[in-house]
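Put into structure tokens, the structure is as follows:
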């Protein structure tokens, strides 16, 4: 609550009103404070609250001080709210209603409704960040760096502008990361204070982050239950995710590589190794374009249906013959494969009788199988 | 005293000294080992050996085995040569068949009838480059050819007598000879008897 500054409520030049709503109450964190009925105005630069009863009482925060916002649905006897998480107040801040506050967020309670539209507009302004491009007077200071009031230009100024844009991008990424951090902190605190379950809102928020990282709707045990149905759906999803990575890796990947790749994309609701294996076992049955294969050594891989490991063996024999003999590491390097898969290929070649081995203190080397070819 | 023994190409092939896991490959490998052991023992006139001796013998140790990467060429004379790349120097390392694998080779020879353990603890063995039955056959053929059936010979006469100088079994060691005669005995073609200063045999 200490981020607010007193203001006249008048908009500056280049500051435009976006939306306003009556009947809004402000909370300092979870606490009700005296500002219980006011008009909330959203501009391109600020969030302004004016007391309905006393028009002189008017305060604002800069949009640039907002880390992120959340919606809180209405309940029985409770109005819908918007939770606004804020950056710490800058040291040179103008005077406001509170000098200090222990909370890093405020809540806006919409007693006369209008929360949905207001939230939408506020989100839009947060995304577009028009305040950065539109210069305003010196009295409206941002709490970060130099004034964003440059005019488009070419030449050196143009280059400087590009650099500025890059910096903003980074800042944006940092602030997005901060959102995640704040959100996870808030959840962690809730769990700590035993304030009940993670709200549905928060789950939805998390899922929206997943959109940018990979899977929009992870197949989860909740959606599909545990059991064959789940594994079937999972198998289908895997076929979709793995097609391109497999093609990039010569048609074959170890199951550990698959496990890492898939879980990295999911972000949340991670797959257990068990579930992954069970889903992979269904790939062939479901006539998907990939299959699970287990080598004699126990190593498990996913192969494209079109991949023929036995044919690769013939070319492996050629490579080994050319060089006289090769270890798994040398072969892997030559062909551009992981050492694990390179070794499996050489072992398969040995099993098929094309290669034989020399196992000494110097390591394991594979030779063309002259025992069979020479008499 | 080793005359110029012709090592087979496998002796210079590093995988020869590793027991091959592929069954078909192993079969070929063991056959090559058996053949090598027999021809080695034949040339060196070695009819018996201890396992310790075997381990130290050049038979199972190629001290000059070369393992470095290089192009492998099998020359028309069946010798194996490496062509060295100039950048990489020679890497001389030993080719040593591990004792467990030596045991497997010896067992193969025993199954084929070319080897017999001389003690219960399997520390020494008799090695016969021809199986006793084969020797027996050769001896009996000579006996028949020279019309000496129903004759009696001492063991010494058979292997060291003037009359057998041109025969393959001339100079055969006693242990192998006995086994050869025992094989004939089984076929009722001979009988081992005791004579004044040792043993002899009567042919039928």
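Residue numbers (the working numbering), protein chains in the order written: chain S, 1062 to 1436; chain D, 18 to 221. All C-beta atoms in this analysis are idealised placements derived from N, C-alpha and C, irrespective of residue type, glycine included.
Practice task
Give the straight-line distance between the Cα atoms of residue 1202 of chain S and residue 1139 of chain S, rounded to the nearest whole angstrom.
Solution key: Since pLDDT at residue 1202 of chain S reaches only 46, below the 50 mark, its modelled position is unreliable, and the value read off the structure follows with that caveat. Each residue's alpha carbon lies about 35 angstroms from the other.
Handout entry: Residue interval of the alpha helix (DSSP H) (run including residue 1134 of chain S)
Key = Where residue 1134 of chain S is concerned, there is no enclosing alpha helix (DSSP H), given that its DSSP letter is neither H nor E.
Handout entry: Which of helix, strand or coil DSSP assigns to residue 1278 of chain S
Key = Because residue 1278 of chain S carries a pLDDT of 48, less than 50, the predicted location of this residue cannot be relied on, and the following value inherits that uncertainty. In the three-state reduction of the DSSP assignment, residue 1278 of chain S falls in the coil class, being assigned neither a helical nor a strand state.
Exercise for the section: Could you spell out the range, first to last residue, of the alpha helix (DSSP H) harbouring residue 1168 of chain S? Expected result: Segment 1166-1171 is the beta strand (DSSP E) holding residue 1168 of chain S; no alpha helix (DSSP H) there.
Practice task
Answer yes or no: does any C-beta atom of chain D fall closer than 7 angstroms to that of residue 1321 of chain S?
Solution key: By this cut-off, residue 1321 of chain S is not an interface position.
Practice task
Note down, one range per segment and in chain order, each beta strand (DSSP E) of at least 3 residues found wholly within the stretch 128-179 of chain D.
Solution key: 132-134, 141-144, 169-171
Practice task
Give the DSSP-derived three-state secondary structure of residue 1119 of chain S in the structure shown.
Solution key: strand
Problem - Burial state of residue 1105 of chain S (16 or more Cβ within 10 Å) - result: buried
Problem - Min CB distance residue 46 of chain D to chain S below 7 angstroms - result: yes
Practice task
Give me the Cα-Cα distance between residue 1084 of chain S and residue 1063 of chain S, rounded to the nearest whole angstrom.
Solution key: 22 angstroms
Problem - Contact residues within the stretch 20-35 of chain D, judged by C-beta distance below 9 angstroms to chain S - result: The residues in question are 26, 27, 30, 31, 32, 33, 34, 35.
Practice task
In angstroms with no decimal places, state the Cα-to-Cα distance between residue 55 of chain D and residue 137 of chain D.
Solution key: 23 angstroms
Exercise for the section: Kindly indicate the opening and closing residues of the beta strand (DSSP E) around residue 67 of chain D. Expected result: 65-67
Practice task
Mind checking who residue 1425 of chain S pairs with in its DSSP beta bridge?
Solution key: S:1420
Problem - Cβ contact check for the stretch 1332-1340 of chain S and the stretch 1380-1395 of chain S: 3 or more pairs under 8 angstroms - result: no
Practice task
Provide the residue span of the beta strand (DSSP E) that contains residue 1110 of chain S, from first to last.
Solution key: 1107-1112
Handout entry: residue 1193 of chain S to residue 1117 of chain S span [Cα, whole Å]
Key = 29 angstroms
Handout entry: Where the alpha helix (DSSP H) containing residue 1146 of chain S begins and where it ends
Key = No alpha helix (DSSP H) holds residue 1146 of chain S; the beta strand (DSSP E) holding it covers 1141-1147.
Practice task
Determine the burial state of residue 1145 of chain S: buried for a count of at least 16 other Cβ atoms within 10 Å of its Cβ, exposed for fewer.
Solution key: buried
Problem - Whole-angstrom distance between residue 1088 of chain S and residue 1122 of chain S, CA atom to CA atom - result: 14 angstroms
Handout entry: Unbroken beta strand (DSSP E) run spanning residue 1082 of chain S, endpoints
Key = From DSSP, the beta strand (DSSP E) with residue 1082 of chain S extends over 1078-1089.
Problem - Rounded separation between residue 60 of chain D and residue 1435 of chain S - CA only - result: Cα to Cα, the separation comes out at about 24 angstroms.
Exercise for the section: Give the residues from the stretch 199-216 of chain D that approach chain S closer than 9 angstroms (Cβ to any Cβ), ordered along the chain. Expected result: none
Practice task
Would you verify that the beta carbon of residue 83 of chain D is, or is not, closer than 7 angstroms to some beta carbon of chain S?
Solution key: No - not a single Cβ of chain S is within 7 angstroms of the one on residue 83 of chain D.
Exercise for the section: Check whether the stretch 151-165 of chain D touches the stretch 207-220 of chain D, counting contact only when three or more Cβ pairs, one atom from each stretch, lie closer than 8 angstroms. Expected result: yes
Practice task
Could you give the DSSP three-state label for residue 207 of chain D: helix, strand or coil?
Solution key: strand
Exercise for the section: Please check the pair residue 1313 of chain S and residue 1362 of chain S, which I expect to be a contact at CB under 8 angstroms, by giving their CB distance rounded to whole angstroms. Expected result: 6 angstroms
Handout entry: Minimum Cβ-Cβ distance from residue 1450 of chain S to chain D less than 7 angstroms
Key = A question about residue 1450 of chain S goes unanswered here, because the residues of chain S that appear run from 1062 up to 1436.
Practice task
Give a yes or no on whether the C-beta atoms belonging to residue 1103 of chain S and residue 1110 of chain S are separated by under 7 angstroms.
Solution key: no
Exercise for the section: Please report how far the alpha carbon of residue 144 of chain D lies from the alpha carbon of residue 212 of chain D, in whole angstroms. Expected result: 27 angstroms
Exercise for the section: Sort out for me which residues DSSP pairs residue 218 of chain D with in a bridge. Expected result: D:170, D:209
Problem - Rounded straight-line distance, which links the Cα of residue 1366 of chain S to that of residue 1351 of chain S - result: 5 angstroms
Handout entry: Stretch pair the stretch 36-47 of chain D + the stretch 59-79 of chain D: three plus CB contacts closer than 8 angstroms
Key = No, the stretch 36-47 of chain D is not in contact with the stretch 59-79 of chain D.
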